[in-house]
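Asks: Residue numbers (the UniProt record's numbering): 1 to 481. If you scroll down you'll find the structure; I have some questions about it.
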Amino acid sequence: MEPPREILSSIWNFIVFLPYFIGLLVLGTIKGVVFCPLVCLIMTIGNSAIILGLWPLHIAWTYYSILRTKQMGPVLKIVLCICLPATLILWLVLGIAGSILGGALYGFLSPIFATFDAVGERKTNMLYHCFYDGTWDTVKGSCTVVRDFGDVCYHSYFSVLDDLRQGAPDVKYYEIRLLPLPGAIIACSLGIVFDFPLVSLIAICKSPYMLFKGWHRLFHDLIGREGPFLETICVPFAGLAILLWPLAVVGAVLGSMVSSIFLGAYAGVVVYQESFWFGLCYIVASLAIYDEYSNDILDMPEGSCFPRPKYQKDPKLTKTTSRTTSFSGSTSVRNPLSRGISFNHPMVDLKPLELLDRLFKECQHHGEIFVSEGVITQQDIDDAKSGKGSRVISIGLPAYCVLQALLRSAKANSVGILLNDNVTEITSTNRPKDTFYEWFLNPFLIIKDQIKAENLSEEEEEYLGRLVLLNGDPCEVEKFK
């Protein structure tokens, strides 16, 4: 019995790919080793000179701007002036250390990526570009980084301080209460001490799963020519991703360790807003928050083995629900709006990446239709590919897909947002737990109720869809009417 031809073809592609990839990797590594010291030296000396040269001026102007601003109360100014030296010293240390590390990484990795990019489809003399690309360009890029860093430290920073000092008279006034401040400082310290080792331990324990799961997916795509290996031009970069995946895992672990500091420090904010007891509850719940979030990212089973006690008196969900309920009660007399629990569609907990994947597929579906109808032109596609940005493709098409979901939900008398399978429904109960989705869900529900109240005809729905797709240009809409 002979093996299928697809398997033999995939194995042959893999065998042919290896020497091609290894040759580019060795050449890029040699260029990286040669240019890494020079690039690191340029970025370290340049950025360090900017940091050290402007540091006294930063200290004086920061204190002056804080003391002169009318947006802050006297107590808040005193607290900031006390805490400011630690922040400025930390900026000095981290800025120089980051310049050294960033220069080394940029000097080593940039020639490697440029070597792989040299075999692109638009390059004519590939052999020349394989040796030349990533050499002088990397040196010029390091000088550009130093120049941009200087612009940020000089122009942007002082511009922000000027805006703080010369704020508008109707700007919000900030003040701090002294009574909960000691408890907030204690809770902040406890949160950092408690979260940093435990979150780091959780991240380290989950890192092997992330490593092997990522490798499994990348090798599966490599052999089957799927995902990042679908296009020939992307194959070298995807192969490089296999080698650099351990660095991505290490970066994820280090990022989790750094984020655990801010995650634990937020306990001070909870104490300031609620009470010391709720701050302690948050410290315990923060482990469950991180565990659930990492499970979603790694596509692991949902939930957490850690307890998650309540750490807020008034959850934000009740505020948003009451706001949408009060709005829906007064939107229309013609169509009564329902806010009850829907039993027509199954309540499935949705993940962020799943929603994005559905949106991309719907954009692809509608995009193919509009291309065939001539609504999306070749010029729009070329602008999107070249990086100039096509408003029709980058803004209009996703907005059109969201509008179709709202129209579909309004017609089906759905409580939430009905997806394109006409079965799955997004509500405030099963939406992703990220605050980002909370910000968008409730406005979409309000827009859906407005659409439902208007009771649009098919011609009005089509015109509204074209208006959204073409960014509100009536002339363009009339062309495809």
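A virtual CB, placed ideally from N, CA and C, is assigned to each residue, including glycine.
Quick one: is Thr-318 buried, meaning 16 or more other Cβ sit within 10 Å of its Cβ, or exposed?
Replies: The residue given as residue 318 occupies position 318 in the sequence shown. Note that Thr-318 has pLDDT 35, beneath the 50 cutoff, so the model's placement of it is unreliable and the number below is only indicative. The C-beta of Thr-318 has fewer than 16 other C-beta atoms within 10 Å across all chains shown, which makes the residue exposed.
Asks: Keeping to the same chain, check which residues put their C-beta closer than 8 Å to that of Leu-298; ignore five residues upstream and five downstream.
Replies: On the sequence shown, residue 298 is found 298 positions in, with the first residue counted as 1. Cβ within range, chain order: Lys-206, Tyr-209, Met-210 and Lys-213.
Asks: In the DSSP output, which residue or residues are listed as bridge partners for Ile-417?
Replies: Looking up residue 417 in the sequence shown gives position 417. Ile-426, per the DSSP bridge assignment.
Asks: Can you check which of these residues, Lys-452, Glu-458, Leu-445 and Leu-355, is closest to Asp-421 by C-alpha distance?
Replies: Taking the sequence shown and counting its residues from 1, the one referred to as residue 421 is at position 421. Closest by alpha carbon: Leu-355.
Asks: Alpha carbon to alpha carbon, how far is Ser-286 from Ala-97? Give it in angstroms, no decimals.
Replies: If you number the sequence shown from 1, residue 97 lands on position 97. If you number the sequence shown from 1, residue 286 lands on position 286. So the two alpha carbons sit approximately 30 Å from each other.
Asks: Just to confirm my understanding: we take Gly-183, look at its own chain, exclude 5 residues before and 5 after, and list those with CB closer than 6 Å. What are they?
Replies: On the sequence shown, position 183 is the one that residue 183 refers to. Val-271 and Phe-276.
Asks: So, does the region 62 to 82 touch the region 143 to 153, judging by three or more C-beta pairs under 8 Å?
Replies: no
Asks: Could you round the C-beta distance between Pro-398 and Cys-363 to whole angstroms and report it? I think they count as a contact, below 8 Å.
Replies: The sequence position of residue 398 within the sequence shown is 398, counting from 1. The sequence position of residue 363 within the sequence shown is 363, counting from 1. Confirmed, about 6 Å.
Asks: With a cut-off of 8 Å on the beta carbons, I'd call Ala-384 and Ser-394 a contact; round off their distance for me.
Replies: The count along the sequence shown starts at 1 and reaches residue 384 at position 384. The count along the sequence shown starts at 1 and reaches residue 394 at position 394. The pair is a contact, with the Cβ atoms about 6 Å apart (cut-off 8 Å).
Asks: Please classify Asn-442 as buried or exposed, where buried requires at least 16 other C-beta atoms within 10 Å of its C-beta.
Replies: The sequence position of residue 442 within the sequence shown is 442, counting from 1. It is buried - the Cβ of Asn-442 has at least 16 other Cβ atoms within 10 Å.
Asks: Could you give the DSSP three-state label for Met-300: helix, strand or coil?
Replies: Position 300 of the sequence shown, counted from the first residue, corresponds to residue 300. Correct three-state label for Met-300: coil.
Asks: Within 10 angstroms of the Cβ of His-366, are there 16 or more other Cβ atoms? Answer buried if so, exposed if not.
Replies: Here residue 366 refers to the residue found at position 366 when the sequence shown is read from its first residue. With 16 or more Cβ atoms within 10 Å of its Cβ, His-366 is classed as buried.
Asks: Which same chain residues, not among the five before or five after Val-468, have their C-beta less than 6 Å away from its C-beta?
Replies: Position 468 of the sequence shown holds residue 468. The residues are Ala-399, Tyr-400 and Leu-403.
Asks: Bridge partners of Met-257, per DSSP?
Replies: Your numbering for residue 257 matches position 257 in the sequence shown. For Met-257, which the question treats as bridged, DSSP gives no partner whatsoever.
Asks: May I have the straight-line CA-CA distance separating Tyr-266 from Pro-309, to the nearest angstrom?
Replies: Numbered from its first residue, the sequence shown carries residue 266 at position 266. Numbered from its first residue, the sequence shown carries residue 309 at position 309. One C-alpha to the other measures close to 16 Å.
Asks: Quick check on Val-250: buried or exposed, where buried means 16 or more other Cβ atoms within 10 Å of its Cβ?
Replies: Taking the first residue of the sequence shown as position 1, residue 250 is located at position 250. It counts as exposed.
Asks: Any idea what DSSP makes of Arg-174, helix, strand or coil?
Replies: Counting from one through the sequence shown, the residue named residue 174 turns up at place 174. Sequence inspection shows Tyr at residue 174; the Arg mentioned does not correspond to that position. Strand at Tyr-174.
Asks: For Leu-52, which of Val-33, Pro-19, Glu-425 and Trp-91 has the nearest alpha-carbon?
Replies: Position 52 of the sequence shown, counted from the start, is the residue given in the question as residue 52. Comparing Cα-Cα distances from Leu-52 to each of Val-33, Pro-19, Glu-425 and Trp-91, the minimum goes to Trp-91.
Asks: From the DSSP secondary-structure annotation, give me the bridge partner or partners of Met-72.
Replies: Walking along the sequence shown from the start, residue 72 turns up at place 72. For Met-72, which the question treats as bridged, DSSP gives the partners Tyr-174.
Asks: Mark Arg-68 as exposed unless 16 or more other C-beta atoms lie within 10 angstroms of its C-beta, in which case mark it buried.
Replies: Your numbering for residue 68 matches position 68 in the sequence shown. With fewer than 16 other Cβ atoms within 10 Å, it is exposed.
Asks: How would you label Leu-218, buried or exposed, when you count the other beta carbons within 10 angstroms and need 16 or more for buried?
Replies: Within the sequence shown, the letter at position 218 stands for residue 218. Classification for Leu-218: buried.
Asks: Quick one: which unbroken alpha helix (DSSP H) runs of 4-plus residues sit fully inside the region 370 to 401? Chain order, please.
Replies: 378 to 386
Asks: Under 8 Å Cβ to Cβ from Pro-246, same chain only, skipping five residues before and after it: list those, please.
Replies: Here residue 246 refers to the residue found at position 246 when the sequence shown is read from its first residue. If we look at Pro-246 and ignore the five residues flanking it on each side, its Cβ neighbours are Leu-211.
Asks: Is the beta carbon of Gly-134 less than 8 Å from the beta carbon of Pro-111?
Replies: Along the sequence shown, read from residue 1 onward, the residue named residue 134 stands at position 134. Along the sequence shown, read from residue 1 onward, the residue named residue 111 stands at position 111. Contact: yes.
Asks: Roughly how many whole angstroms lie between the Cα atoms of Gly-102 and Cys-40?
Replies: Along the sequence shown, read from residue 1 onward, the residue named residue 102 stands at position 102. Along the sequence shown, read from residue 1 onward, the residue named residue 40 stands at position 40. Taking the straight line from one Cα to the other gives about 8 Å.
Asks: Using the rule of at least 16 other Cβ atoms within 10 Å of the residue's Cβ for burial, across every protein chain shown, is Arg-177 buried or exposed?
Replies: The count along the sequence shown starts at 1 and reaches residue 177 at position 177. Arg-177 is exposed by the Cβ-count criterion.
Asks: Let's test the definition: count the other Cβ atoms within 10 Å of the Cβ of Val-333 and tell me whether it reaches 16, buried, or not, exposed.
Replies: Your numbering for residue 333 matches position 333 in the sequence shown. At Val-333, the pLDDT of 33 sits below 50, so the modelled position is not reliable and the matter cannot be decided from this model.
Asks: Going along the chain, which residues of its own chain have a beta-carbon closer than 6 Å to the beta-carbon of Lys-448, five neighbours each way excluded?
Replies: Locating residue 448 in the sequence shown gives position 448, counting from the first residue. Excluding its 5 nearest sequence neighbours in each direction, Lys-448 has C-beta neighbours in its own chain below 6 Å: Leu-406, Ser-409 and Ala-410, listed in chain order.
Asks: Which residues mark the beginning and the end of the alpha helix (DSSP H) in which Val-146 is found?
Replies: Within the sequence shown, the letter at position 146 stands for residue 146. Element bounds for Val-146: 136 to 151.
Asks: With respect to the alpha helix (DSSP H) encompassing Ser-159, which residues constitute its N-terminal and C-terminal limits?
Replies: Here residue 159 refers to the residue found at position 159 of the sequence shown. It spans 157 to 165 - the alpha helix (DSSP H) in which Ser-159 sits, taken as one unbroken run.
Asks: Should Gly-374 be labelled buried (16 or more other beta-carbon atoms within 10 Å of its own) or exposed?
Replies: Here residue 374 is taken as the residue at index 374 of the sequence shown, counted from 1. When all chains shown are included, Gly-374 counts as exposed.
Asks: Alpha helix (DSSP H) containing Glu-458: first to last residue?
Replies: Residue 458 sits at position 458 when you count from the first residue of the sequence shown. Run containing Glu-458: 458 to 469, per the alpha helix (DSSP H) assignment.
Asks: Excluding sequence positions up to five away, which residues of its chain have a Cβ less than 8 Å from the Cβ of Phe-327?
Replies: Numbered from 1 along the sequence shown, position 327 holds the residue referred to as residue 327. The pLDDT assigned to Phe-327 is 33, lower than 50, so where the model puts this residue is not dependable; a value taken from the coordinates is nonetheless given after this. Counting only Cβ-Cβ distances below 8 Å, and skipping sequence neighbours, we find Ile-446 and Asp-449.
Asks: Measure the alpha-carbon distance for Val-371 versus Asp-380 and round it to whole angstroms.
Replies: Position 371 of the sequence shown, counted from the first residue, corresponds to residue 371. Position 380 of the sequence shown, counted from the first residue, corresponds to residue 380. C-alpha separation (whole angstroms): 10 Å.
Asks: Any idea what DSSP makes of Gln-404, helix, strand or coil?
Replies: Translated into positions along the sequence shown, residue 404 becomes position 404. If DSSP states are grouped into helix, strand and coil, Gln-404 belongs with the helices.
Asks: Between the Cα of Gly-73 and those of Ile-369, Ile-289 and Lys-172, spot the shortest distance and give me the residue it belongs to.
Replies: Position 73 of the sequence shown, counting from 1, holds the residue named residue 73. Among Ile-369, Ile-289 and Lys-172, the Cα nearest to that of Gly-73 belongs to Lys-172.
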